[in-house]
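Residue numbers (the numbering used here): 25 to 326. Even glycine gets a Cβ: it sits at the ideal position worked out from N, Cα and C. Everything on this sheet refers to the single structure shown next.
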């Protein structure tokens with residue numbers, strides 16, 4: 025999955041016409057390493073990445089595409105600013121055309137995340153875990169359309185360990201129905217990441233959480249894209265207990281937090297997560313044949 029897909033160039037400019045800070049978006053899942061990656065990137069003085077924001081770009085994307093894909097939205101605009109009520113169909117008149125529509129939404133999204141003071145800032149953006157979890161979420165499409173020169177970091181983690189980590193948190197899954205919901209969101213999200221990373225519509229890097237925790241993998245290419253390298257400050261962030269990985273790694277190479285899950289949950293999780301886990305290169309955990317046989321029955325009860 026390593027790679028950097030180039031998209032059509034677009035360059036935001038400042039008021040004086042010079043090249044402005046470039047967008048950078050970190051997309052992942054709950055308990056999937058987004059906070060750790062955000063902290064690593066924010067350890068560079070010229071990077072300003074905000075945190076989660078309740079997934080507000082999903083309804084913004086819905087509004088954007090409702091207008092952008094409308095057959096009437098940009099029709100019957102009179103360049104001279106007047107209309108003859110005897111002949112013009114005024115019910116679908118608008119004062120904006122498609123380029124201005126794009127510019128308005130680009131300015132809105134930028135205003136939400138670009139710091140008020142941009143001196144020294146070369147990369148701005150956010151990290152979020154709420155995008156790509158449903159088939160009708162078009163937040164990715166919005167970002168790719170408005171910011172085709174943005175750098176996007178997709179971060180993935182062993183899905184079974186994500187489930188176990190979520191279970192350990194207040195408000196985490198407590199019933200079989202919760203397990204199904206969490207697993208389905210993980211699978212849908214990571215499938216979306218795979219499609220977008222392969223699409224060529226965004227300039228993306230693929231980050232594997234387990235590699236990041238070992239200072240390995242795609243993070244080196246990502247920070248090189250930003251003009252940096254992993255140094256002492258970044259290693260300190262990665263090594264810090266509670267800095268994103270905490271106790272989930274009991275040694276340098278093995279993460280088996282899934283062992284904390286009840287056997288019934290693990291069997292249900294395998295029913296939902298095996299395809300995406302295998303596609304991402306993770307070996308699904310072992311489950312007894314008895315629980316594997318019971319899993320479909322447990323799912324029917326949800």
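Taken in chain order, the complete alpha helix (DSSP H) segments of 4 or more residues contained in the segment 149-214 are 163-170 and 183-191.
Residues of the same chain with a CB within less than 6 Å of the CB of residue 146, apart from the 5 flanking positions on each side, are 45 and 70 in chain order. Inside the segment 104-153, DSSP marks whole alpha helix (DSSP H) runs of 4 or more residues at positions 122-137, from first to last along the chain.
Per DSSP, residue 313 lies in no beta strand (DSSP E) segment; the continuous alpha helix (DSSP H) that holds it begins and ends at 313-324. Around residue 66, the same chain offers 72 and 73 as residues with beta carbons nearer than 8 Å, after the five sequence neighbours per side are excluded.
Where residue 89 is concerned, there is no enclosing beta strand (DSSP E), although the alpha helix (DSSP H) around it starts and stops at 81-92. Nearest to residue 93 by alpha-carbon distance, out of 193, 189, 165 and 187, is 165. By the criterion of at least three beta-carbon pairs nearer than 8 Å, the segment 184-201 is not in contact with the segment 109-122. Under DSSP, residue 71 forms a beta bridge with 147. Judged by DSSP secondary structure, residue 259 falls within the alpha helix (DSSP H) whose first and last residues are 256-263.
One Cα belongs to residue 229, the other to residue 61, and the distance between them is close to 12 Å.
Minimum Cα-Cα distance from residue 172 among the listed residues 151, 130, 140 and 154 corresponds to 130. Non-local C-beta neighbours of residue 233 in its own chain, meaning closer than 7 Å and more than five positions away in sequence, comprise 56, 57, 179, 180 and 181, ordered along the chain.
The C-alpha of residue 189 lies about 10 Å from the C-alpha of residue 183. Across the set 118, 159, 123 and 85, the C-alpha of 85 shows the shortest separation from the C-alpha of residue 133. Using a 10 angstroms sphere on the CB of residue 252, the tally of other CB atoms reaches 16 or more, which defines it as buried. In this structure the segment 287-295 touches the segment 305-320; the number of beta carbon pairs closer than 8 Å is three or more.
Around the beta carbon of residue 148, 16 or more other beta carbons lie within 10 angstroms, which makes this residue buried.
Of 78, 95 and 109, the smallest CA-CA separation from residue 136 is found for 78. Residue 227 holds the alpha-carbon nearest to the alpha-carbon of residue 174 among 323, 227, 240 and 283. Relative to the Cα of residue 150, the nearest Cα in the group 257, 139 and 208 belongs to 139. For residue 60, there is no enclosing beta strand (DSSP E); the enclosing alpha helix (DSSP H) has its first and last residue at 58-66.
Around the C-beta of residue 81, 16 or more other C-beta atoms lie within 10 Å, and the residue is accordingly described as buried. Taking a C-beta distance under 9 Å as the contact criterion, residue 176 and residue 49 qualify as a contact pair. By the Cβ-count criterion, residue 143 is exposed, with fewer than 16 other Cβ atoms from all chains shown falling within 10 Å of its own Cβ. Straight through space, the alpha carbons of residue 197 and residue 286 are spaced by roughly 12 Å. Residue 321 sits exposed, since fewer than 16 C-beta atoms from the chains shown fall within 10 Å of its C-beta.
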